[in-house]
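Remarks on the structure that follows.
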Amino acid sequence: MAIATALVALAAPAFAMGHAERPAYFPDYPGTVPTLDTSDPPDRVVCASDSAQRIAGMAEGDRKNAAGTALGRCNVSGEGYQTVQDAVNAAGNDERIAILPGVYTEEPSTKTPPEGTRDDPDKCSGMKSEAEAIPGTGIDLGTEGEQVPNYEFQRNCPNAQNLIAIVGDKTTAEDPRDTDRKCDDKCGLQIEGFGDSRDDVLIQGDKRKLNVIRADRADGVYLKNFTIEFSDFNNIYALETNGFRFDDIESRYSREYGFLSFTSDNGLYEDLDAHHAGDSGVYPGSGPEYHCAAYGIAIKNVDSHDNTIGYSGTAGNGVYAHDNRFHDNAAGVTTDSFASGHPGMPQDCAKWSNNRIYSNNNNLFSDDRDRYCQQTAYEDRDPNKVCPTFQVPVGTGLLIGGGNKNFVKDNWIYDNWRNGTSLFYVPPAARGETGEGNPWDTSYGNEQEGNRMGIRPDGTSDPNGVDFWWDEENGYEQFPTQPGVLNCWTDNRPARGAKLTSDPVTLPGCDGTRAFRPGNPAKIASQATCATWDPETNTDPPGCDWFRVPSEPKPKKSANR
Amino acid sequence: MACGGAGGDVGQLKWQGRPLLFTPRGLPKDRILSGHLRNDSLRRVDLEARQLTLVDKAGRRTRANAIFLTGFVHGLYPPTREPGRVPDSELIRTGRLARILPEKSAPLTVSWRSRGGQPSPVRLEYPGGSLPVPGG
Numbered sequence: 012m013a014i015a016t017a018l019v020a021l022a023a024p025a026f027a028m029g030h031a032e033r034p035a036y037f038p039d040y041p042g043t044v045p046t047l048d049t050s051d052p053p054d055r056v057v058c059a060s061d062s063a064q065r066i067a068g069m070a071e072g073d074r075k076n077a078a079g080t081a082l083g084r085c086n087v088s089g090e091g092y093q094t095v096q097d098a099v100n101a102a103g104n105d106e107r108i109a110i111l112p113g114v115y116t117e118e119p120s121t122k123t124p125p126e127g128t129r130d131d132p133d134k135c136s137g138m139k140s141e142a143e144a145i146p147g148t149g150i151d152l153g154t155e156g157e158q159v160p161n162y163e164f165q166r167n168c169p170n171a172q173n174l175i176a177i178v179g180d181k182t183t184a185e186d187p188r189d190t191d192r193k194c195d196d197k198c199g200l201q202i203e204g205f206g207d208s209r210d211d212v213l214i215q216g217d218k219r220k221l222n223v224i225r226a227d228r229a230d231g232v233y234l235k236n237f238t239i240e241f242s243d244f245n246n247i248y249a250l251e252t253n254g255f256r257f258d259d260i261e262s263r264y265s266r267e268y269g270f271l272s273f274t275s276d277n278g279l280y281e282d283l284d285a286h287h288a289g290d291s292g293v294y295p296g297s298g299p300e301y302h303c304a305a306y307g308i309a310i311k312n313v314d315s316h317d318n319t320i321g322y323s324g325t326a327g328n329g330v331y332a333h334d335n336r337f338h339d340n341a342a343g344v345t346t347d348s349f350a351s352g353h354p355g356m357p358q359d360c361a362k363w364s365n366n367r368i369y370s371n372n373n374n375l376f377s378d379d380r381d382r383y384c385q386q387t388a389y390e391d392r393d394p395n396k397v398c399p400t401f402q403v404p405v406g407t408g409l410l411i412g413g414g415n416k417n418f419v420k421d422n423w424i425y426d427n428w429r430n431g432t433s434l435f436y437v438p439p440a441a442r443g444e445t446g447e448g449n450p451w452d453t454s455y456g457n458e459q460e461g462n463r464m465g466i467r468p469d470g471t472s473d474p475n476g477v478d479f480w481w482d483e484e485n486g487y488e489q490f491p492t493q494p495g496v497l498n499c500w501t502d503n504r505p506a507r508g509a510k511l512t513s514d515p516v517t518l519p520g521c522d523g524t525r526a527f528r529p530g531n532p533a534k535i536a537s538q539a540t541c542a543t544w545d546p547e548t549n550t551d552p553p554g555c556d557w558f559r560v561p562s563e564p565k566p567k568k569s570a571n572r
Numbered sequence: 009m010a011c012g013g014a015g016g017d018v019g020q021l022k023w024q025g026r027p028l029l030f031t032p033r034g035l036p037k038d039r040i041l042s043g044h045l046r047n048d049s050l051r052r053v054d055l056e057a058r059q060l061t062l063v064d065k066a067g068r069r070t071r072a073n074a075i076f077l078t079g080f081v082h083g084l085y086p087p088t089r090e091p092g093r094v095p096d097s098e099l100i101r102t103g104r105l106a107r108i109l110p111e112k113s114a115p116l117t118v119s120w121r122s123r124g125g126q127p128s129p130v131r132l133e134y135p136g137g138s139l140p141v142p143g144g
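So this is what it looks like as structure tokens:
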């Protein structure tokens with residue numbers, strides 16, 4: 012894993028993801044991925060009413076002993092708490108919070124009104140974003156757009172939007188000299204479930220709070236060993252945070268995202284189970300801008316399944332994802348330049364290596380599911396019936412939409428009935444830019460090398476519909492003087508006796524050639540029709556084949572057998 | 009407003025070059041029309057995609073989707089969670105609104121599903137004008 016420790020300042024105002032967010036900025040100071048420190052007992056202990064009973068049922072050993080010792084502190088003033096939020100509120104820097112086995116609904120937070128606190132519902136009503144412009148357009152969102160809570164809002168009313176909030180930067184109201192957007196208190200917090208496994212601690216949202224856990228300018232936050240569910244937006248959210256780690260956590264049943272980081276750096280997602288999210292299981296969006304010199308966020312040993320998308324990342328830059336499984340989603344992995352307001356556009360420089368990306372044919376866009384989602388409010392839905400937030404081409408393993416200089420290397424990509432991988436151009440207008448400087452600034456220099464296509468790790472043939480699909484566009488790095496390095500494919504291998512399949516039939520090799528190609532207009536236009544999708548009013552747009560699951564491709568019999 | 013008959017461009021907007029009309033692979037009943045609209049007038053043209061209608065020779069409407077894009081884009085907000093008033097900037101970015109200055113152009117993709125026995129559309133109408141559908 013290559014994690015860099017410093018990042019050059021890059022600040023851009025932002026609206027984010029599927030929900031408006033305040034303007035966000037990359038951290039512009041050195042940082043590190045936090046490590047777990049267990050040398051001292053936890054500073055604070057969070058206890059459920061039945062923790063003792065649950066601990067009694069734990070397997071004998073060190074973990075049970077540690078939990079039992081911690082249990083003795085539940086009623087000690089200043090050490091024992093009934094909610095995670097109360098423990099966070101009491102914590103200082105570099106503290107360790109243990110959550111004993113139990114279910115935590117954080118009831119006081121659920122009673123906090125959307126605009127304020129329990130004591131003063133109007134406290135934060137005026138703390139909204141000031142006027143901002145979408146970069147490059149001159150369009151002033153401040154006069155026409157949605158006013159969104161700013162950082163001061165989150166600091167002063169942490170539970171208005173969040174079940175549990177870790178908000179670490181002092182505001183200028185607290186210290187007029189503090190304008191650095193850098194964590195001051197509640198930095199380096201470790202919050203760890205103290206059960207045998209992540210099944211023993213459940214943090215349960217109420218489906219109304221946007222985020223179950225929000226880490227906002229909370230540098231060094233380390234979350235470990237619990238299960239989390241039922242956010243209205245993100246189960247776990249890291250924003251403007253330099254140094255974060257999500258370790259051994261199950262996230263399920265989020266309305267949109269399981270784990271999401273945005274304008275954050277020095278992060279690690281590891282040993283996660285992310286499933287049944289309406290958008291994606293993991294979302295490293297607006298990733299750090301190292302421009303291929305380093306990777307700032309790593310994702311490893313993640314099992315992301317039964318979501319609309321296993322992994323997505325608009326402006327998902329500087330991410331290294333390896334040794335993960337993305338399967339049984341509608342689409343396995345996407346990274347893109349589809350939307351506006353994401354710092355770091357256009358997307359570039361992610362790497363996927365040694366992942367298994369398979370069986371992403373989960374049709375969440377069927378007529379039955381459309382009807383169910385139309386007729387059933389989120390609060391009333393069966394959590395195992397995912398209602399997609401956005402549209403994706405069902406049956407796609409990995410999709411790069413408007414990305415540059417990405418590496419897809421040594422992965423196992425099989426049983427995706429549409430395409431193993433898909434690569435296409437996205438115009439600057441998609442991110443709210445005019446494109447006058449470079450109208451073809453996406454989709455160049457992406458390398459797909461050494462992947463095993465249409466074959467399982469045990470050697471069984473399990474074909475993709477088409478291994479590689481490309482719209483045939485190759486953009487400019489600098490317009491008009493420097494075409495981008497050609498998107499290229501090399502050393503990819505099919506199942507024994509099979510042939511690689513691609514559209515177009517012939518793909519460029521990786522010899523470093525630079526060239527501009529305008530692309531196949533019919534392929535590009537076909538994608539445009541899918542933009543008209545609406546889950547309530549236009550579920551099957553003419554011209555768009557994304558929502559019709561291709562039939563399962565049959566393995567071709569080997570001539571050698 | 010022009011109704012019936014293919015004819016030429018009527019109104020402020022013209023096709024810039026010849027638009028592409030094709031049947032997408034795997035969707036034999038569907039048609040996609042893709043091109044760029046040029047504003048030949050002296051004033052800015054604001055046009056909502058939903059104001060465009062496809063009509064056949066007899067002036068009957070064909071149900072269609074129109075969007076001022078040539079490639080895929082998705083919304084900042086999920087379709088079911090948009091704010092009460094979506095900013096014009098977002099409508100423009102997602103192809104639901106075109107704001108075309110004089111001498112400038114905007115991309116357009118229109119798609120429809122042909123019904124058995126129904127005549128093909130021949131014109132694309134908008135408030136104040138119409139454009140021919142190639143082959144119509």
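Quick mapping for you: the protein sequence lines, in order, are chains A and B.
Number 514 in this note's numbering belongs to position 503 of the first sequence; there are no gaps in the numbering.
Number 70 in this note's numbering belongs to position 62 of the second sequence; there are no gaps in the numbering.
Glycine included, each C-beta is placed from N, C-alpha and C at the ideal position.
Predicted, not measured: the structure shown is a model, and the values here were computed from it.
- For P357 of chain A, there are no C-beta contacts with chain B under 7 angstroms, since the nearest C-beta of that chain is about 13 angstroms from it.
- Residue burial is scored here from C-beta neighbours: T182 of chain A has at least 16 other C-beta atoms within 10 angstroms and is therefore classed as buried.
- Within the region 104–133 of chain B, the residues whose Cβ lies closer than 7 angstroms to some Cβ of chain A are T117, S119, W120 and R121, listed in chain order.
- Counted as a single uninterrupted DSSP element, the alpha helix (DSSP H) harbouring V95 of chain A occupies residues V95 to A101.
- Ranked by how close their Cα comes to the Cα of S262 of chain A, the residues A:K197, A:G298, A:D210 and A:G231 have A:D210 in first place.
- DSSP places L41 of chain B inside the beta strand (DSSP E), whose first and last residues are D38 to N47.
- Taking a Cβ-Cβ threshold of 8 angstroms, the residues of chain B close to V437 of chain A are G79, F80 and V81, in chain order.
- Contacts between D556 of chain A and chain B, judged by CB atoms closer than 9 angstroms, involve P32, R33, G34, L35 and D38 in chain order.
- Looking at A:F241, A:F479 and A:G470, the one whose alpha-carbon comes closest to that of A285 of chain A is A:F241.
- Taking 8 angstroms as the CB threshold, D545 of chain A lines the interface with chain B.
- Think of a sphere of 7 angstroms around the beta carbon of S537 of chain A: the chain B residues whose beta carbon falls inside it are P32 and I40, in chain order.
- DSSP, reduced to helix, strand and coil, places G19 of chain B outside both helices and strands of the structure shown, so it counts as coil.
- For P140 of chain B, not one C-beta of chain A is nearer than 8 angstroms to its own C-beta.
- Taking R225 of chain A as the centre and dropping the five residues before and after it, the same chain places the C-beta of N173, A176 and Y248 closer than 6 angstroms to its C-beta, in chain order.
- In the DSSP assignment, H286 of chain A forms a beta bridge with A:R263 and A:H316.
- Counting the other CB atoms within 10 Å of its CB gives T252 of chain A a total of 16 or more, which places it among the buried residues.
- The Cβ atoms of S49 of chain B and Q20 of chain B sit closer than 8 angstroms to each other.
- Under the Cβ criterion (8 angstroms, minimum of three pairs), the region 436–451 of chain A does not count as touching the region 387–400 of chain A.
- Annotation for Q489 of chain A: the continuous beta strand (DSSP E) segment containing it runs Y487 to Q489.
- Nearest CB-CB separation between P450 of chain A and chain B: not below the 8 angstroms threshold.
- F401 of chain A reaches chain B at H82 and P86, counting residues in chain order whose Cβ is nearer than 7 angstroms.
- Here K235 of chain A is buried. Its C-beta has 16 or more other C-beta atoms within 10 Å.
- Between the region 210–220 of chain A and the region 192–202 of chain A, the count of Cβ pairs shorter than 8 angstroms is below three; the stretches do not touch.
- Excluding five sequence positions before and after P124 of chain A, the CB atoms of its chain that fall closer than 8 angstroms to its own CB belong to P132 and A171, given in chain order.
- Taking one beta carbon from each stretch, the region 505–514 of chain A and the region 544–558 of chain A have fewer than 3 pairs nearer than 8 angstroms; the two do not touch.
- Residues of chain A with a Cβ closer than 8 angstroms to the Cβ of T102 of chain B are, in chain order, A542.
- Between L434 of chain A and A536 of chain A, the alpha-carbon positions lie close to 14 angstroms from each other.
- In this structure, W428 of chain A lies away from V344 of chain A, with their beta-carbon atoms at least 8 angstroms apart.
- Under the DSSP assignment, R58 of chain B falls outside any alpha helix (DSSP H); it carries neither an H nor an E label.
- Boundaries of the alpha helix (DSSP H) around T80 of chain A: D73 to L82.
- Annotation for A98 of chain A: R55, V57, Y92 and I108 place their beta carbon closer than 7 angstroms to its own, counting only its chain and skipping 5 residues before and after.
- Counting every other CB atom within 10 Å of its CB across the protein chains shown gives S50 of chain A a total below 16, marking it as exposed.
- Comparing alpha-carbon positions, the option among A:P450, A:G68, A:D259 and A:V293 lying closest to T346 of chain A turns out to be A:V293.
- As the crow flies, the alpha-carbon of L35 of chain B is around 24 angstroms from that of I411 of chain A.
- No Cβ of chain B is located within less than 8 angstroms of the beta carbon of P505 of chain A.
- At least one C-beta of chain B is nearer than 8 angstroms to the C-beta of F349 of chain A.
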